[in-house]
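Read in order, the letters of the sequence shown are residues 28 to 254 in this note's numbering. These notes are about the structure you will find just below.
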Amino acid sequence: MASTKQRLERKFHPIALALLAVFTLCLAGHNASLATIYSVEFKHRHDSSDLVAIIEVTSSQKIKTEWDTCGYRYEGKVVKPLRTAKGKHVRDNIVFGRHGSLKIGERYLLFLRWWDDSEAWLQDFYAQPANQRILIPSPKDGIELAECGGLMPGFQYDHIVAGHQVDAEFLFYGPATYYTLPEHVEARQASDYTVAIQADGLIRYLKSLGDPPVNESEWGITDTSPP
């Protein structure tokens, strides 16, 4: 006669298998959704940016609203501009925001957009998944969040595709499957949450994508007008 322990094991074994199957399907769906959210096609990021450059961060300042931290104000040295919208010249120093993941003294490959419309910024903000953004208490607080103590008008970098330059590689967040690269650009999975992409190859690829015609205007540390 089976013991109580054996009867319980037989009873719950199929249930455990069913739960494991459900968990596996949910995890697969979660990973698929992340791959969609964080999918990086470098040509698209390049073409939709107003400035693509390697920037060395020289200062960082946290900016707060009355109810929350709204972002960070950075100053940086433009080490190598790779794309400028409308062919604008870029000065040696630049001010930009907003996410607080950059470190002073480090170099990053950044894809930046110029924002001067708080309502357009909020539309982009609300397009993010709800679990990826903070809760805004009121419309007035939304405008305050968008403008963030003077970050708008100004450049803001795409934090999903910010590459930290370490030696001859750029380190990006996420698995290599998130990133679409031409075959000649080498990439490796450096850790569970970091992909390392060959710097020279990625730079050559981005420069090969072209740049708009040059005009006489400039972007720099004191700019307050849109491009």
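Backbone N, C-alpha and C define an ideal beta-carbon position, used for all residues, glycine too.
Beta-carbon proximity check, residue i vs residue j, cutoff 8 Å
i, j, result
"F197", "L129", "no"
"R140", "C175", "no"
Residues near residue i by beta carbon distance below 6 Å, same chain, minus five either side
i, result
"R215", "A223"
Nearest to residue i (by Cα), restricted to the options the options
i, options, result
"D227", "S218, A217, E213", "E213"
"M179", "D95, S87, R100, S75", "R100"
"S87", "E93, V79, I121", "I121"
"F182", "D238, K70, T204, V79", "V79"
"T221", "G237, H191, K234, E210", "H191"
Which residues DSSP lists as bridging residue i, in chain order
i, result
"W141", "F182"
"E83", "K104, R134"
"K276", "Because the chain is modelled from 28 through 254, residue 276 falls outside the range shown and cannot be assessed."
"L78", "T111, L139"
"E68", "T207"
Residues near residue i in its chain [Cβ-Cβ closer than 7 Å; skip 5 each side]
i, result
"S60", "Its pLDDT being 31, under 50, S60 is placed unreliably in this model, and the coordinates cannot settle the point."
"W148", "W142, A173, M179"
Cutoff 8 Å: residue i Cβ touching any chain D Cβ
i, result
"Q216", "The structure shown contains no chain D; it holds only a single protein chain."
Cβ neighbours of residue i in the same chain (closer than 8 Å, five flanking residues each side left out)
i, result
"L208", "F69, A214, I224, L229, Y232"
"A195", "Q225, A226, D227"
"H71", "none"
Margin query: Restricting to runs no shorter than 3 residues, where is the beta strand (DSSP E) found entirely within the region 188 to 244?
Written below: 190 to 193, 196 to 200, 214 to 218, 221 to 225
Next item on the list: May I have a chain-ordered list of the beta strand (DSSP E) segments no shorter than 3 residues that lie completely inside the region 94 to 132?
Entry: 96 to 111, 120 to 124
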